[in-house]
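Engineer: Got a structure for you, questions after.
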Ligand code: HOZ
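Residue numbers (this note's numbering): 126 to 565.
Laid out in structure tokens, this is it:
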């Protein structure tokens, strides 16, 4: 039994001052029971709690830490940038480098605007799609989470799903009525929605590989179908690549699956662990933004020099420094090749562990993102994900934590592998998983 006395004391204090003791709901551990631990150090694939316990971390600050925590190049970039000032509120050179990096790595993005979070990026992308098409309705998929903007908190994933509030209180019905929610990986409901709302749907927003109800993949041809039906109906296709962008490939899920969306949203990796978001796409669409066009969007800290410096260092470490001259594909970049190998090892090992323990598990993986569901049936959408035995997940989560392995404290979050995870870290993880599942 790991002792966490200092964490417990901090949590007790936090509860008095912060709602639920946390600044983002999933962190409260309410889905798995017990109390959260407080971290004061992270390095490589490990985090240390305030009591001095360390854990192999598969949360990776929810995605940004693709190179592991506190990568020396990122830390150095942030320190150097900070020496010159933490915020200017006027253009800085890092913003141009960042924009060029994103545009050259993601061919569908001709122009990009920075924000401070993925939530802001998705809210802004929706506003832009509505302003561009002059239509109000949007389609999203149940279990997909696009941040906590009003019109997107309808049948949402992540914490909203974890705590049973996929439709948040405080969102006026008048806002939510413009959001059409459909099951992911199904074609007929999408066709029916377009037929019933002729010339009214501004866009489909989708996580191309949904990672906020665990992780499930698009069925072959599904993203192509979404691309085609939006084009046929004069609607835009928005890929929310806040999690998948620069993780599944330098060009994100759209590179991996060969689809060209109209607008994409980003976050996480492009900030190297600092607060960030971005949305970008076709130039004719992006030029509808103020000051060029009528769609308003702004931010005091947008393009912040520290966040830009950290993100540039993160991305250059992934794809090399000369990306502006020669855009590169995943297979050309050693970090992506390594992530793929580690992902494959984890997947094979988890499947073996489950089999030998006789526990039905569906283990989904795409590159370095993964999720294990405690069900023997395939998981392609939210309805399938809901079949996972969540009591088993709780036991698994705590068993792993006691063995020094930190997984996201909810069935409905994806796991992330970093290049800093070693083969030995994976073997430890797999041994722990086999041991925990044998106790079921
Ligand atoms: N909801 C985000 C993950 N899908 C962030 C969770 C957090 O930061 O606590």
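C-beta atoms are modelled at their ideal positions from N, C-alpha and C, and glycine is treated no differently.
Going by C-alpha distance, which of 463, 552, 540 is nearest residue 528?
Structural biologist: Checking every option, the nearest Cα to that of residue 528 belongs to 552.
Engineer: For my contact list, residue 390 and residue 409 are in at a C-beta cut-off of 8 Å; report their separation, rounded to the angstrom.
Structural biologist: With a Cβ gap of about 18 Å, residue 390 and residue 409 do not count as contacting.
Engineer: Please go through the stretch 471-549 and give each complete alpha helix (DSSP H) segment of 4 or more residues, from N-terminal end onward.
Structural biologist: Here the runs fully enclosed are 507-510, 515-527.
Engineer: Among 230, 322, 174, which has the Cα closest to the Cα of residue 405?
Structural biologist: When only C-alpha atoms are compared, the closest one is 230.
Engineer: In chain order, what residues of the same chain lie with their CB nearer than 6 Å to the CB of residue 152, ignoring the 5 residues before and after it?
Structural biologist: The answer, listed in chain order, is 161.
Engineer: Nearest to residue 402 by CA position, among 386, 371, 415, is which residue?
Structural biologist: The option with the nearest alpha carbon to residue 402 is 371.
Engineer: Quick one: Cα of residue 459 to Cα of residue 474, how far?
Structural biologist: Cα to Cα, residue 459 sits roughly 23 Å from residue 474.
Engineer: Just to check, is the beta-carbon of residue 150 closer than 8 Å to a non-hydrogen atom of the ligand HOZ?
Structural biologist: Residue 150: yes, Cβ under 8 Å from the ligand HOZ.
Engineer: Give the DSSP-derived three-state secondary structure of residue 204 in the structure shown.
Structural biologist: The answer is helix: DSSP assigns residue 204 an H, G or I state.
Engineer: Per DSSP, residue 141 forms a beta bridge with which residues?
Structural biologist: Partner(s): none; residue 141 has no beta bridge.
Engineer: Beta carbon of residue 493, beta carbon of residue 538: below 9 Å?
Structural biologist: Contact flag unset, no.
Engineer: So does the stretch 247-265 actually touch the stretch 221-230, counting three or more Cβ pairs closer than 8 Å?
Structural biologist: The stretch 247-265, when compared against the stretch 221-230, does not touch it at the 8 Å Cβ threshold.
Engineer: Give me whichever residues DSSP pairs with residue 362 in a beta bridge.
Structural biologist: Partner(s): 329.
Engineer: Which value, in whole angstroms, describes the spacing of the CA atoms of residue 429 and residue 438?
Structural biologist: Between residue 429 and residue 438, the C-alpha separation is close to 14 Å.
Engineer: Would you call the CB atoms of residue 283 and residue 338 closer than 9 Å?
Structural biologist: Yes, Cβ-Cβ distance for residue 283 and residue 338 is below 9 Å.
Engineer: How about residue 538: is its Cβ closer than 8 Å to a heavy atom in the ligand HOZ?
Structural biologist: Yes; taking the cut-off as 8 Å, the Cβ of residue 538 has a heavy atom of the ligand HOZ nearer than that.
Engineer: According to DSSP, which residues form a beta bridge with residue 267?
Structural biologist: DSSP output for residue 267 lists no bridge partner at all.
Engineer: For residue 140 and residue 165, what's the separation of their Cα atoms in angstroms?
Structural biologist: Answer to the nearest angstrom: the Cα atoms are 18 Å apart.
Engineer: Is it the case that the CB of residue 283 approaches a heavy atom of the ligand HOZ more closely than 8 Å?
Structural biologist: Checking the Cβ of residue 283 against the ligand HOZ gives yes.
Engineer: Locate the beta strand (DSSP E) running through residue 165, then write down its first and last residues.
Structural biologist: Note, residue 165: beta strand (DSSP E), 164-168.
Engineer: Counting only runs of 3+ residues fully inside the stretch 274-357, write out the beta strand (DSSP E) ranges in chain order.
Structural biologist: If we require 3 residues or more, the beta strand (DSSP E) runs fully inside the stretch 274-357 come out as 304-307, 326-331.
Engineer: Less than 9 Å between the C-beta atoms of residue 163 and residue 212, yes or no?
Structural biologist: In this structure, residue 212 does not lie closer than 9 Å to residue 163 by Cβ.
Engineer: Here's the rule: buried if 16 or more other CB atoms are within 10 angstroms of the residue's CB, otherwise exposed. What is residue 393?
Structural biologist: Buried: at least 16 other Cβ atoms inside 10 Å.
Engineer: Which of the three DSSP states is assigned to residue 186 in this structure?
Structural biologist: Reduced to three states, the DSSP call for residue 186 is helix.
Engineer: For the ligand HOZ, any of its heavy atoms closer than 8 Å to the Cβ of residue 183?
Structural biologist: Residue 183 Cβ: outside cutoff for every heavy atom of the ligand HOZ.
Engineer: Would residue 565 and residue 484 be called neighbours here (beta carbons separated by less than 9 Å)?
Structural biologist: It is a contact, given that the beta carbons lie within the stated cut-off.
Engineer: Please state whether the Cβ-Cβ distance between residue 502 and residue 198 is less than 9 Å.
Structural biologist: No, they are not a contact pair.
Engineer: Nearest by alpha-carbon distance to residue 257: which of 418, 422, 447, 563 is it?
Structural biologist: Among 418, 422, 447, 563, the Cα nearest to that of residue 257 belongs to 418.
Engineer: Have a look at residue 228 and residue 407 and give me their C-alpha separation to the nearest angstrom.
Structural biologist: One C-alpha to the other measures close to 10 Å.
Engineer: Going by DSSP, what residues sit across from residue 239 in a beta bridge?
Structural biologist: In the DSSP output, where bridge partners are listed per residue, residue 239 has 403.
Engineer: Do residue 369 and residue 467 come within 9 Å of each other at the CB atom, strictly closer than that value?
Structural biologist: Contact flag unset, no.
Engineer: Is it true that the CB of residue 316 sits closer than 9 Å to the CB of residue 354?
Structural biologist: Yes, the Cβ-Cβ distance between residue 354 and residue 316 is below 9 Å.
Engineer: When the Cα of residue 172 is compared with those of 156, 530, 554, which residue comes out closest?
Structural biologist: Here the closest residue by C-alpha is 530.
Engineer: Confirm the yes/no value for this check: CB of residue 489, any heavy atom of the ligand HOZ, distance under 8 Å.
Structural biologist: No.
Engineer: On a CA-only basis, which of 522, 351, 334 is nearest residue 489? Give me that one, please.
Structural biologist: Minimum Cα distance to residue 489 is reached at 334.
Engineer: Consult DSSP for residue 160 and reduce its assignment to one of helix, strand or coil.
Structural biologist: In the structure shown, residue 160 sits in coil (DSSP, three-state: anything other than H, G, I, E or B).
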